[in-house]
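J.: Protein chains in written order, with my numbering: chain A, 38 to 264; chain B, 301 to 588.
Yeah, the Cβ is synthetic: ideal placement off N, Cα and C, and Gly gets one too.
Here's a structure for you.
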Amino acid sequence: MIKLDKVSKTFWNGNSGLLEVSLSVEKGEFVFLVGPTGSGKTTLFRLLIKEVLPSKGAITVGDFDLIKLPHNKISHLRKKIGIIFQDLKLLLDRTIIENIVLPLEVSGFKPQESRKRAEEIMSKIGILEHRDKFPIQLSGGELQRTAIARALILSPDLLLADEPTGNLDPKTSKEIVDLLLDINKKGTTVIMATHNVEIVNSLGKRVVALEKGKLVKDEKKGKYGVS
Amino acid sequence: MGFLKTSWHHVRRSPYQTLAAVLVMSLTFFIVSIFTFVIFGSSTVISYFESKPQVTVFFKDEAKQENIDALKEQLKETGKISRINFVSKQGALKIYREQNKNDPLLLDLVTADILPSSLEISTTKIEDLSVVSEMLKNGPFVQEVIYQKDIISTLTSWTNALRKTGAVLVIIFSFVSIFIMLTIIGLKISQKREEIEIMRLLGATSWYVRWPFIFEGIFYGIAGAFVGWLISIAILLYATPSLSYFMQGIPIFPIPFLFMAELLGAEILLAIFLGAFSSFLAVLRYLK
Chain A
38 MIKLDKVSKT FWNGNSGLLE VSLSVEKGEF VFLVGPTGSG KTTLFRLLIK EVLPSKGAIT
98 VGDFDLIKLP HNKISHLRKK IGIIFQDLKL LLDRTIIENI VLPLEVSGFK PQESRKRAEE
158 IMSKIGILEH RDKFPIQLSG GELQRTAIAR ALILSPDLLL ADEPTGNLDP KTSKEIVDLL
218 LDINKKGTTV IMATHNVEIV NSLGKRVVAL EKGKLVKDEK KGKYGVS
Chain B
301 MGFLKTSWHH VRRSPYQTLA AVLVMSLTFF IVSIFTFVIF GSSTVISYFE SKPQVTVFFK
361 DEAKQENIDA LKEQLKETGK ISRINFVSKQ GALKIYREQN KNDPLLLDLV TADILPSSLE
421 ISTTKIEDLS VVSEMLKNGP FVQEVIYQKD IISTLTSWTN ALRKTGAVLV IIFSFVSIFI
481 MLTIIGLKIS QKREEIEIMR LLGATSWYVR WPFIFEGIFY GIAGAFVGWL ISIAILLYAT
541 PSLSYFMQGI PIFPIPFLFM AELLGAEILL AIFLGAFSSF LAVLRYLK
């Protein structure tokens, strides 16, 4: 599903995002990506959606060779990947349902069909009653669920969740992770970046740890921590 | 359809910017319309004078019919005359009455006695006008010779000057419109930078993001063209009674409806081009 071969990313100011990272994720896996702030978790996600290009190395996501992928085909790649951003990236002047249909809208779905699909997914995730509210009217957990619904609406093969439980209470965090596990059970590959020790340790899933841009740990049934 | 809807949202959600864009476009198209009217009008006036007898000779009261007939024959013998028409005192009165039929005071004051009889003469070649005119000026019964070549050449030089001024003004205002539209659309793109970024991250293509801004520019153009055209037509219709009195006898009013519709059509085409071009420049500049 995902293959990174000696990938390095150095930013324009000389800061290193990733250093010689090689990683392979199979279809249907659930992977926790852990590491302190600034360790390169978000950079890895940005590389996977070709928001930034690697300075060195090769990246493959599904059938897409990201190094060779032309600019006009990036949208094809991004439609295959659901992403829950760390800062959620919800549009504040659009209602919850309008935010959720956005990926369908940019893919050219008809408005009626888009709304129908959005309502189905909102119902599954438990936010249907908020459909016509604006993001500012929702709690942190509800906003997180909105971001998950938006990430799932195109039934992606891969779901990238960048700290989806950050700033949430333990109970809501658990609900969000259960939701992601459920999605994973249905066949979607999930990579979740997190700082939540309890969740990582309790689930016994694969753990990939980054530190200062380097991959320092990759364990099949891992625990939180870099070593 | 989705792009149009998004464009309409952009337009509605920033009414002052929309107003500014439409107003600057309206001003441009108002100038385009006014200069089109002036050029159309002056061309019609020139054609009118060109089609009319180009030399008119008015006779003194003592001129007898046989003197006039003799002069007529003499002119015909030169071989330079294409048409010659005698207007008697009574004929002149008839023309006068027709031109002033709405003003009884003017009709009462004038009788056939005070109007001169005349010959309206057209030459085959325009350069023969001066020869014929000079020949007539020295005639014993001639009171006055009106040589319309002067009128035509004056009008032609005025029309050319107006045409050039109009073209320069239209070009200047088109550039002003393009730059203002570019700034407004650029401003809107900057305001929506975050939204655009999110859309791109969710898989929107570059053209998916660009089209609504291009349609927005086209909308400003069309709205501006329509408003500019409407104002100019309103002014023209308001001024029609006084203008038609001023240009009595010249078949220019009422302005044909087809002409107005054609003008609107042409302006809308130009507006689509201006709107699309300026917004395209904006998306190229601000949406990299």
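What is the DSSP secondary structure of residue 534/B, counted as helix, strand or coil?
T.: Note: residue 534/B maps to helix in three-state DSSP.
J.: Can a CB atom of chain A be found closer than 9 Å to the CB of residue 318/B?
T.: No, residue 318/B lies away from the interface with chain A (no Cβ there is under 9 Å from its Cβ).
J.: Could you check where the alpha helix (DSSP H) with residue 278/A kicks off and where it finishes?
T.: Because chain A in this structure spans residues 38 to 264, residue 278/A falls outside the shown range and cannot be described.
J.: Kindly indicate which residue of 492/B, 505/B, 348/B, 503/B has the alpha-carbon position closest to the one of residue 263/B.
T.: Limits of chain B in this structure are 301 at one end and 588 at the other, which puts residue 263/B out of reach.
J.: Compile a chain-ordered list of the residues in the region 534 to 545 of chain B whose CB is closer than 8 Å to at least one CB of chain A.
T.: none
J.: What is the DSSP secondary structure of residue 151/A, counted as helix, strand or coil?
T.: helix
J.: Just how far apart, CA to CA, sit residue 67/A and residue 503/B?
T.: 23 Å
J.: Would you mind stating whether residue 186/A and residue 78/A have Cβ atoms separated by less than 9 Å?
T.: no
J.: Name the chain A residues whose beta carbon is nearer than 9 Å to that of residue 516/B?
T.: The premise fails here: residue 516/B is roughly 17 Å from chain A at the closest Cβ pair, so nothing lies under 9 Å.
J.: Please report the straight-line C-alpha distance between residue 267/A and residue 175/A, rounded to a whole angstrom.
T.: Look at the range of chain A in this structure, 38 to 264, and you will see that residue 267/A is not part of it.
J.: Are there any heavy atoms of the ligand SAM lying less than 8 Å away from the beta-carbon of residue 255/A, as far as the coordinates show?
T.: No copy of the ligand SAM occurs in the structure displayed, which carries no ligand at all.
J.: In chain order, what residues of the same chain have a beta carbon less than 8 Å from the beta carbon of residue 136/A, not counting five sequence neighbours either side?
T.: Closer than 8 Å at the Cβ level, and outside the excluded window around residue 136/A, lie 127, 128, 172, 183, 187.
J.: Straight-line CA distance for residue 105/A to residue 48/A?
T.: Residue 105/A and residue 48/A: Cα-Cα distance of roughly 20 Å.
J.: Return the residue from the list 495/B, 487/B, 529/B, 583/B that minimises the CA-CA distance to residue 314/B.
T.: 487/B
J.: Mind pulling the chain B residues with CB within less than 9 Å of residue 120/A?
T.: 501, 502
J.: Mind reading off the beta-carbon distance from residue 466/B to residue 338/B? Whole number of angstroms is fine, and I expect it under 8 Å.
T.: 7 Å
J.: Let me confirm a value: residue 539/B is counted as buried when at least 16 other C-beta atoms fall within 10 Å, else exposed. Which label applies?
T.: exposed
J.: Going by DSSP, name the residue or residues bridged to residue 229/A.
T.: 69/A, 198/A
J.: Using beta-carbon positions only, say whether residue 267/A and residue 225/A come within less than 9 Å of one another.
T.: Chain A is shown from 38 up to 264; residue 267/A falls before or after that span and cannot be answered.
J.: So which residues of chain B does residue 112/A contact, with C-beta pairs closer than 7 Å?
T.: 503, 504, 505
J.: Please go through the same chain and pick out, in chain order, the residues whose beta-carbon is closer than 6 Å to the beta-carbon of residue 348/B, but skip the five residues on each side of it.
T.: 550
J.: Looking only at its chain, what residues have a beta carbon closer than 6 Å to the beta carbon of residue 406/B, apart from the 5 residues adjacent to it on each side?
T.: 400
J.: Residue ranges of each beta strand (DSSP E) run of no fewer than 3 residues wholly in the region 383 to 465 of chain B, ordered along the chain?
T.: Runs found: 418 to 423, 442 to 447.
J.: Do residue 581/B and residue 478/B come within 9 Å of each other at the CB atom, strictly closer than that value?
T.: It is a contact, given that the beta carbons lie within the stated cut-off.
J.: Since residue 254/A sits in a beta bridge, which residues does DSSP pair it with?
T.: The partner list for residue 254/A (beta bridge, DSSP) reads 246/A.
J.: So residue 95/A is in the beta strand (DSSP E); what residue range does that whole segment cover?
T.: 93 to 98
J.: Taking only three categories from DSSP, how would you classify residue 336/B?
T.: Residue state, collapsed to three classes: helix.
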